[in-house]
Amino acid sequence: MHVVVTANTSWSVWNFRRSLIAALMREGHGVTVLAPPDDSVARLRAMGCRFEPLVMDAKGLNPLKEWALLRRFRRAFATLRPDVVLSYTIKNNVFGAMAAQRLGIPIIPVVTGLGTAFLSRGLLQFAAERLSHHAFNKLPCVFFLNHDDSDLFLTRLSTAE
Numbered sequence: 002m003h004v005v006v007t008a009n010t011s012w013s014v015w016n017f018r019r020s021l022i023a024a025l026m027r028e029g030h031g032v033t034v035l036a037p038p039d040d041s042v043a044r045l046r047a048m049g050c051r052f053e054p055l056v057m058d059a060k061g062l063n064p065l066k067e068w069a070l071l072r073r074f075r076r077a078f079a080t081l082r083p084d085v086v087l088s089y090t091i092k093n094n095v096f097g098a099m100a101a102q103r104l105g106i107p108i109i110p111v112v113t114g115l116g117t118a119f120l121s122r123g124l125l126q127f128a129a130e131r132l133s134h135h136a137f138n139k140l141p142c143v144f145f146l147n148h149d150d151s152d153l154f155l156t157r158l159s160t161a162e
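Have a look at this one:
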């Protein structure tokens, strides 16, 4: 099985997901990391996984840049043709889910925390909630690493319709 792991920094994949990647590879699965490159890339490659750079602004809010990010995810997934995608961090979860679903690729978003976009008030919160609802609505599985975040997410999105 070919697994793509995506997050908003290579550093976070190296620091928080390397044992998962190592376990997947021990079981015979191919792993590709899709993330913005940084100093962690060499260590990820040394583990034996493939690395594909992803251009993104992890904190940016420009709708045109986010639309371009969605297109980059679609292009990357179409090229890599994974059997499944594991995504981490809000933009990778939301835009990765939209792209993967469009291509018929299973994706499992892992919500490590809702972050400031979801917890703020106003337009940013509204956009984060609507995009998340759109991206996750038809997925069979979304993992939350925090029960409070899961409860808040489900409460807000159950009234989002």
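Note that our numbering has the sequence shown beginning at 2, numbered continuously upward. Note that the Cβ used here is the ideal one computed from N, Cα and C, for glycine as well. Quick caveat: nothing in here was measured; it's all calculated off a predicted structure.
Residue range of the beta strand (DSSP E) that includes residue i
i      : result
His-3  : 3-7
Pro-37 : Looking at the DSSP string, Pro-37 is not in any beta strand (DSSP E), and its letter there is neither H nor E.
Neighbour-count burial assignment, residue i, 16 or more Cβ in a 10 Å radius
i       : result
Arg-82  : exposed
Phe-74  : buried
Val-56  : exposed
Ala-161 : Note on Ala-161: pLDDT 46, under 50, position unreliable in the model; no value is reported.
Leu-35  : buried
Phe-17  : exposed
Pro-64  : exposed
Gly-97  : buried
Thr-156 : exposed
Ser-20  : exposed
Ser-41  : buried
Pro-141 : exposed
Ala-77  : buried
Asn-138 : exposed
Range covered by the alpha helix (DSSP H) that runs through residue i
i       : result
Glu-67  : 64-81
Val-143 : Where Val-143 is concerned, there is no enclosing alpha helix (DSSP H), given that its DSSP letter is neither H nor E.
Glu-28  : Where Glu-28 is concerned, there is no enclosing alpha helix (DSSP H), given that its DSSP letter is neither H nor E.
Ile-91  : 91-104
Val-42  : 42-48
Arg-122 : It is not in any alpha helix (DSSP H) - Arg-122 carries neither H nor E in the DSSP assignment.
Pair within 8 Å by beta-carbon distance, residue i and residue j
i       : j       : result
Pro-37  : Thr-10  : yes
Gln-126 : Ala-136 : no
Phe-144 : Val-95  : no
Phe-52  : Arg-46  : yes
Leu-71  : Ala-100 : yes
Leu-87  : Ile-109 : yes
Ala-79  : Leu-104 : yes
Anticipated Cβ contact below 8 Å, residue i with residue j, distance rounded
i       : j      : result
Gly-123 : Ile-91 : At roughly 17 Å, the Cβ-Cβ gap does not stay under 8 Å, so Gly-123 and Ile-91 are not in contact.
Met-2   : Ala-23 : 15 Å between Cβ atoms; not a contact.
Asp-84  : Val-14 : Not really, about 19 Å apart at Cβ, beyond 8 Å.
Gly-114 : Asp-58 : Not really, about 19 Å apart at Cβ, beyond 8 Å.
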